[in-house]
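Everything in the sequence shown is counted per my numbering, starting at 5 for the first residue and increasing by one.
Just so it is clear, CB atoms sit at the ideal spot from N, CA and C, and this is done for glycine as well.
Just so it is clear, the structure is predicted and the values come from calculations on it, not from any experiment.
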Amino acid sequence: MDEAVRKRLIEAMARTVIAHADELTELDRQIGDGDHGLNMKRGFEAVLEALPATAAKPLPEALKGLGTTLVMKVGGASGPLYGTFFLALGKTIPDAPTATTLAGAFAAAVEAVKARGKSQAGQKTMLDVLVPVAAVLSAGGADLGPRVRAEALAAAEATIPMKAMRGRASFLGERSIGHPDPGARSSALMIVAVCDAIGA
Ligand code: ADP
Ligand code: MG
Numbered sequence: 005m006d007e008a009v010r011k012r013l014i015e016a017m018a019r020t021v022i023a024h025a026d027e028l029t030e031l032d033r034q035i036g037d038g039d040h041g042l043n044m045k046r047g048f049e050a051v052l053e054a055l056p057a058t059a060a061k062p063l064p065e066a067l068k069g070l071g072t073t074l075v076m077k078v079g080g081a082s083g084p085l086y087g088t089f090f091l092a093l094g095k096t097i098p099d100a101p102t103a104t105t106l107a108g109a110f111a112a113a114v115e116a117v118k119a120r121g122k123s124q125a126g127q128k129t130m131l132d133v134l135v136p137v138a139a140v141l142s143a144g145g146a147d148l149g150p151r152v153r154a155e156a157l158a159a160a161e162a163t164i165p166m167k168a169m170r171g172r173a174s175f176l177g178e179r180s181i182g183h184p185d186p187g188a189r190s191s192a193l194m195i196v197a198v199c200d201a202i203g204a
């Protein structure tokens, strides 16, 4: 994978998160403390600043660099979790991924998030998007890009009727029902942005 593609991928994620910061913050205001968009914007602004240096590195190192920046700059619960995701992804992915090696690396990154968050799908978190997207990637097949996009967006919406069992939203108990999870939404936005950026 060449430098221009790495740059496009990372920049696409950063731009979409920054463009949707208000929406993410509003979602977090409903079931959390209203900082998710701000946290993510701060982190991805730092990612953009570091982008020339990051994109110059091979994909595994670039992803680890992205993860490190997110751990240091996002904060909250989501910073360490997204940081863990990209660090684990960078550890497993080859420099020129195929659909198969990408699926394997994505699955490993999802497992790392579960371990870090002591969480799993069904608890109204980012994992409710990451886990089903990992399943679509692992199943493979034709039209992977459109199916990944559709799954990510639908899975984020599907957190609306869920009761939060992890993170701040869990303090609300039943009152967390009826709102989308902010981290599920930010995960979906990044996944869609990557699909768009690679024309998948
Ligand atoms: P904080 O909750 O500390 O304010 P953010 O608002 O930035 O952090 O992020 C909240 C998001 O983090 C939630 O919407 C949820 O998706 C995710 N999250 C929180 N705790 C966990 C966990 N244990 N496992 C997976 N995701 C989590
Ligand atoms: Mg928050």
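Nearest to residue i by alpha carbon, out of the options?
i, options, result
"Ala66", "Arg179, Ile164 and Gly87", "Gly87"
"Ala50", "Gln34, Glu27 and Gly79", "Gly79"
"Asp6", "Asp37, Phe89, Ala23 and Pro98", "Pro98"
"Asp32", "Ala8, Ser82 and Lys68", "Ser82"
"Leu13", "Ala25, Leu63 and Asp39", "Leu63"
"Thr104", "Leu70, Lys68 and Gly145", "Gly145"
"Lys118", "Val140, Thr96 and Ala92", "Ala92"
"Ile181", "Gly126, Leu157, Asp147 and Val140", "Gly126"
Counting C-beta neighbours from all protein chains within 10 Å, is the total for residue i 16 or more, i.e. buried, or is it exposed?
i, result
"Thr20", "buried"
"Arg10", "buried"
"Arg179", "exposed"
"Glu161", "exposed"
"Phe175", "exposed"
"Lys122", "exposed"
"Gly203", "exposed"
"Met76", "exposed"
"Ile35", "buried"
"Pro165", "exposed"
"Pro84", "buried"
"Ile177", "Note on residue identity: the sequence assigns Gly, not Ile, to residue 177. Label assigned to Gly177: exposed."
Helix, strand or coil for residue i, going by three-state DSSP, please let me know.
i, result
"His40", "helix"
"Arg170", "coil"
"Asp147", "coil"
"Ser123", "coil"
"Met206", "Nothing about residue 206 can be read from this structure; the chain reaches only from 5 to 204."
"Ala158", "helix"
"Ala60", "coil"
"Met17", "helix"
"Ile22", "helix"
"Ala103", "helix"
"Pro165", "coil"
"Ala204", "coil"
Which two residues bound the contiguous alpha helix (DSSP H) that contains residue i?
i, result
"Asp32", "Ala25 to Ile35"
"Gly83", "Ser82 to Thr96"
"Lys77", "Leu63 to Lys77"
"Leu193", "Pro186 to Ala201"
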